[in-house]
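Presented below is the structure to which this report refers.
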Ligand SMILES: [Zn+2]
Ligand SMILES: [Zn+2]
């Protein structure tokens with residue numbers, strides 16, 4: 193009996209060791225896979241990814257902890273969003289109209305610079321809309337700046353009534 197009991201305990205212990213060993217291996221593999229996926233979303237560098245995965249593989253939980261301390265703060269998607277935001281901001285600053293004379297910010301619809309009194313835009317000679325001095329043609333009416341507006345059309349020729357033009361022949365003239 194005691195021999196059988198000892199065998200049973202031995203088999204039970206083997207099972208416990210096998211199961212916990214399997215769990216630890218699964219946990220270890222999980223750490224490596226998680227680290228690999230995480231670094232891939234944060235860095236396009238394949239060597240950095242390999243290094244991080246190796247860190248998790250060799251040092252397990254400690255390696256992952258180290259990776260968490262050292263990994264890039266932003267994911268690639270966040271970096272992309274940030275770059276887009278910065279680009280949009282830069283473009284906004286570049287496109288904000290500035291006075292060509294003093295360089296201070298002005299509004300697009302101002303005719304004069306309120307700071308240095310320079311003329312920013314001049315009205316179209318034909319339709320009166322404000323034009324950018326660089327424009328070659330008024331976008332509203334098509335007139336070219338500097339060109340005098342066309343003269344109004346001359347009144348159409350009205351022929352005089354026929355009674356004034358053709359003198360009816362006198363009856364005696366017809367007789368002759
Ligand atoms: Zn100015
Ligand atoms: Zn115009």
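Residue numbers (the numbering used here): 193 to 368.
No residue lacks a Cβ here, since even glycine has one placed at the ideal position from N, Cα and C.
Computed from a predicted model, the values in this text were never measured in an experiment.
For residue 267, the CB stays at least 7 Å from every heavy atom of ligand 1.
Comparing alpha-carbon positions, the option among 310, 206, 300, 277 lying closest to residue 323 turns out to be 300. Residue 302 is positioned such that its CB atom lies closer than 8 Å to that of residue 312. At least one heavy atom of ligand 1 lies less than 7 Å from the C-beta of residue 296.
Taking C-beta atoms under 8 Å as the contact rule, residue 233 and residue 267 qualify, at a distance of about 5 Å.
Three or more Cβ pairs closer than 8 Å define a contact, and the segment 241–254 falls short of that threshold against the segment 199–215.
Secondary structure at residue 307: coil, using DSSP grouped into helix, strand and coil. Taking C-alpha positions only, residue 317 is separated from residue 306 by approximately 23 Å. The DSSP-derived three-state label of residue 300 is coil.
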